[in-house]
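Q:
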Amino acid sequence: VRHSKCRQEFLDRVAENSRKNREAKERGERVTLKRVPALPHDAHVVSTTDNAPMTIVPVPYETTI
3 VRHSKCRQEF LDRVAENSRK NREAKERGER VTLKRVPALP HDAHVVSTTD
53 NAPMTIVPVP YETTI
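Its first residue numbered 3, the sequence shown is counted upward by one per residue in this note's numbering.
Quick look at the structure:
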């Protein structure tokens, strides 16, 4: 039986948060310990000089009885 890695990651995060909280109390600061979700990718413009636009249509449904 293998232990879940998810549980170990949780325990590591708890230990890290308690360490950060302890250090912040010593300095007299406040620290946000909540997890931050991954942000969306940065916006960019796609060039159409070497990349011609394509029109995509669905494949028609054929009934074979």
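For each residue, glycine too, the CB sits at the ideal point set by N, CA and C.
Can residue 16 and residue 23 be called in contact, C-beta distance under 8 Å?
A: Their beta carbons are not under 8 Å apart, which means residue 16 does not touch residue 23 by this criterion.
Q: Look at residue 19 and residue 35 and say whether their C-beta atoms are less than 8 Å apart.
A: A contact, by the Cβ cut-off of 8 Å.
Q: Jot down the residue ranges of each uninterrupted alpha helix (DSSP H) in the region 24-66, minimum 4 residues, whole runs only, in chain order.
A: Runs of the alpha helix (DSSP H) inside the region 24-66: none found.
Q: Rounded to whole angstroms, what is the Cα-Cα separation between residue 8 and residue 37?
A: Distance between the alpha carbons of residue 8 and residue 37 is about 15 Å.
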